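Just so you know, the numbering used here puts 282 at position 272 of the sequence shown, and the rest follows in order with no gaps.
Each residue gets a CB set at the ideal place from its N, CA and C atoms; glycine is no exception.
Small disclaimer: the values here were computed from a predicted structure and weren't measured.
Just below is one structure, and these are the notes that go with it.
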Amino acid sequence: MFPTVRSHLEYQDFVTQQLKTYYVGGILSLQNSDWILIEKLWLVDLSRTFSLLKDTFSSQGPCPHDPADLLRSYILMHLTGTFSVTKWVTALRRIPLFAVLSGFLPGKTPGIGTFYDFFTRLWLTDNLNFRSKLKRKPKKIEKGKHKGDKAPTTSTGKVAKVVKGLDHAPTRQKVFPFDRIFTLFKELFVLHSASLGILGDVNSLCLAGDGTPVRTAAYPRNKRICNCKQNGISNCDCPRIYSQPDCNSGWDSYRQAYFNGYHLYSFSTTASKYDLPIYCRLHPASRHDSISMLLTAEEFRYRYPEWSWGKVLLDSAHDAMPIYQFFDKRNVIPLIDLNKRNLGNTSFKDDFTLSETGVPICKMGLEMKDNGYDYSRCRRKYRCPLVKKGIVTCDSPCSPSPYGRCIYTYTEHNPRLFPLIARNSNEWKNSYKRRTCSERSNKREKIDYMLEAARHRSSKMWTAHIFTTMMCLHLDAWFKENKNLNLKDSLLAA
Numbered sequence: 011m012f013p014t015v016r017s018h019l020e021y022q023d024f025v026t027q028q029l030k031t032y033y034v035g036g037i038l039s040l041q042n043s044d045w046i047l048i049e050k051l052w053l054v055d056l057s058r059t060f061s062l063l064k065d066t067f068s069s070q071g072p073c074p075h076d077p078a079d080l081l082r083s084y085i086l087m088h089l090t091g092t093f094s095v096t097k098w099v100t101a102l103r104r105i106p107l108f109a110v111l112s113g114f115l116p117g118k119t120p121g122i123g124t125f126y127d128f129f130t131r132l133w134l135t136d137n138l139n140f141r142s143k144l145k146r147k148p149k150k151i152e153k154g155k156h157k158g159d160k161a162p163t164t165s166t167g168k169v170a171k172v173v174k175g176l177d178h179a180p181t182r183q184k185v186f187p188f189d190r191i192f193t194l195f196k197e198l199f200v201l202h203s204a205s206l207g208i209l210g211d212v213n214s215l216c217l218a219g220d221g222t223p224v225r226t227a228a229y230p231r232n233k234r235i236c237n238c239k240q241n242g243i244s245n246c247d248c249p250r251i252y253s254q255p256d257c258n259s260g261w262d263s264y265r266q267a268y269f270n271g272y273h274l275y276s277f278s279t280t281a282s283k284y285d286l287p288i289y290c291r292l293h294p295a296s297r298h299d300s301i302s303m304l305l306t307a308e309e310f311r312y313r314y315p316e317w318s319w320g321k322v323l324l325d326s327a328h329d330a331m332p333i334y335q336f337f338d339k340r341n342v343i344p345l346i347d348l349n350k351r352n353l354g355n356t357s358f359k360d361d362f363t364l365s366e367t368g369v370p371i372c373k374m375g376l377e378m379k380d381n382g383y384d385y386s387r388c389r390r391k392y393r394c395p396l397v398k399k400g401i402v403t404c405d406s407p408c409s410p411s412p413y414g415r416c417i418y419t420y421t422e423h424n425p426r427l428f429p430l431i432a433r434n435s436n437e438w439k440n441s442y443k444r445r446t447c448s449e450r451s452n453k454r455e456k457i458d459y460m461l462e463a464a465r466h467r468s469s470k471m472w473t474a475h476i477f478t479t480m481m482c483l484h485l486d487a488w489f490k491e492n493k494n495l496n497l498k499d500s501l502l503a504a
């Protein structure tokens, strides 16, 4: 049968009553850190959880727990720094505060199986992973040639092939196993953050994207199903059974070491001072940032059809011509740092060359003066840098005109070197300085919430773990927005 669902106001009344029962006039007391947890969960309204998961429940059978209470308890588990469901179930039975804040009566808390049944409701398929456990042994990827370099893509032109495939893909939303947990994240957290105004203008979003390694195990575990070893063949290419088929080995450019696990790619809003993530995706560890970004960006567009995407800020690992063309077709302005390996003066036209930032250099070796962008013709105008007050002061002028020599650069000819927003302009600098918000968001997930401390063995659990961590980041932002919220006096008043 369907669970008994209560409103958020009824949950708040329940918490107030239970706190007075256990923490007023008794031997138990609440510390300052406890009040932070109370106030955070006081702000989050999860009453719509059942309506979003209704198709996973049956009208027959015993009455289950309200899924809002289970989700709230799982969020509280992350807020308290617990990473084992087994240990959390023990904590619920041992600490009345955790049970009350979750929405349970002390002494009547759910067991381990109840939580895992809830996780199953969040996953659309019976397969715990995205891929089959049976696959061939992957080849070892190359590491970056220099310190800080990403691992190279596995084949030449792969970015262009992915972009071509996405351009020809049908414009319909794809179904993924994690769609339900994403729906909870979007409907209960992201949209509420947008209503508070802490995500910026959702009709012209500016997002920053970045990938980060997620280490899940020391090395990939697999089991042979062939007889090659008995026949004296120790290194065969036969398919094997992997315990974590979605994981493989990747190169961590920051730590300069190989790792086994996932490559987590996420988009965060740059307009928020809280560096809030609004979409993420788990990829194999060996996948390059540019490929992960393209797939994640296309999924993001279909999952937020009501929002408009204005700009995207990316680092130099995404500096590839097909990526500029990909965003241009979707009316998104890309602000991407140039890859240092592809810098240097480039021949342009006549005796003119281009600087590292795409500015024409005249015959005298000077960068020409930016004279603005013509949006109707999609071109930028550059003038002679030695024209002062309408007079050409150059000893050997390039043009006999008193106006001086003019050069036009067209975005459609080379969107990488001639972007809509010039790289050396103040508009570029003011926008691009917010790119690091995605790195700060990843830092909060991996260090503050100790993302890699979990010991999950399936993509289902890792996805639930990551999205719940992102929920906590939004909850932290709401808590900071409500600095004047003081429940201590009102809740414990006699």
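Beta-carbon proximity list for residue i, same chain, < 6 Å, skipping 5 on both sides
| i | result |
| --- | --- |
| residue 289 | 277, 310 |
| residue 349 | 326, 329 |
| residue 83 | 112 |
| residue 133 | 187, 470 |
| residue 369 | 377 |
| residue 138 | 468, 470 |
| residue 246 | 238 |
| residue 332 | 169, 170, 173 |
Three-state secondary structure (DSSP) of residue i
| i | result |
| --- | --- |
| residue 116 | coil |
| residue 381 | strand |
| residue 414 | coil |
| residue 108 | helix |
| residue 229 | coil |
| residue 80 | helix |
| residue 392 | strand |
| residue 90 | coil |
| residue 486 | helix |
| residue 75 | coil |
| residue 289 | strand |
| residue 267 | strand |
| residue 124 | helix |
| residue 273 | strand |
| residue 256 | coil |
| residue 221 | strand |
| residue 363 | strand |
| residue 320 | strand |
| residue 420 | strand |
| residue 146 | coil |
Proximity test, residue i beta-carbon vs the ligand ADP heavy atom, cut-off 7 Å
| i | result |
| --- | --- |
| residue 489 | The model on display carries no ligand, and the ligand ADP is accordingly not part of it. |
Contacts around residue i, its chain only, beta-carbon distance under 7 Å, and the 5 residues preceding and following it disregarded
| i | result |
| --- | --- |
| residue 444 | 218, 280, 323 |
| residue 101 | 92, 108 |
| residue 388 | 420, 421, 422 |
| residue 223 | 260, 262, 269, 271, 273, 295 |
| residue 28 | 110 |
| residue 142 | 255 |
| residue 215 | 279, 317, 318, 319, 320 |
| residue 89 | 47, 50, 482 |
Nearest neighbour of residue i, chosen from the options [CA to CA]
| i | options | result |
| --- | --- | --- |
| residue 94 | 465, 480, 484 | 465 |
| residue 482 | 31, 86, 39 | 86 |
| residue 229 | 216, 255, 239, 235 | 255 |
| residue 61 | 14, 478, 477, 135 | 14 |
| residue 347 | 38, 428, 501, 258 | 428 |
| residue 253 | 474, 71, 146, 89 | 146 |
| residue 282 | 488, 237, 37 | 488 |
| residue 412 | 65, 397, 426 | 397 |
| residue 55 | 39, 203, 36, 172 | 203 |
| residue 426 | 72, 33, 367, 501 | 367 |
| residue 386 | 430, 71, 345, 343 | 430 |
Buried versus exposed, by CB contacts within 10 Å (16 or more), residue i
| i | result |
| --- | --- |
| residue 248 | exposed |
| residue 384 | exposed |
| residue 126 | exposed |
| residue 371 | buried |
| residue 304 | buried |
| residue 41 | exposed |
| residue 177 | exposed |
| residue 351 | exposed |
| residue 480 | buried |
Beta-carbon contacts of residue i that lie in its chain and below 8 Å, excluding the five residues immediately before and after
| i | result |
| --- | --- |
| residue 45 | 497, 498 |
| residue 490 | 284 |
| residue 373 | 361, 362, 406, 408 |
| residue 291 | 274, 275, 276, 302, 305, 306, 309 |
Residue-chain proximity (residue i, chain E), Cβ-Cβ < 8 Å
| i | result |
| --- | --- |
| residue 458 | Reference to chain E is not applicable here, since this structure consists of a single protein chain. |
*asked:* Count Cβ pairs between the segment 73-84 and the segment 202-210 that sit closer than 8 Å; are there 3 or more?
replied: Contact annotation: the segment 73-84 does not touch the segment 202-210, with fewer than three C-beta pairs closer than 8 Å.
_the segment 416-426 in contact with the segment 381-396 per 3-pair CB rule at 8 Å_ = yes
*asked:* For the structure I just gave you, are there three or more beta carbon pairs, one from the segment 454-471 and one from the segment 108-122, closer than 8 Å?
replied: no
*Indicate whether the contact test is met: 3 or more Cβ pairs, each with one atom in the segment 311-319 and one in the segment 401-409, closer than 8 Å.*
no
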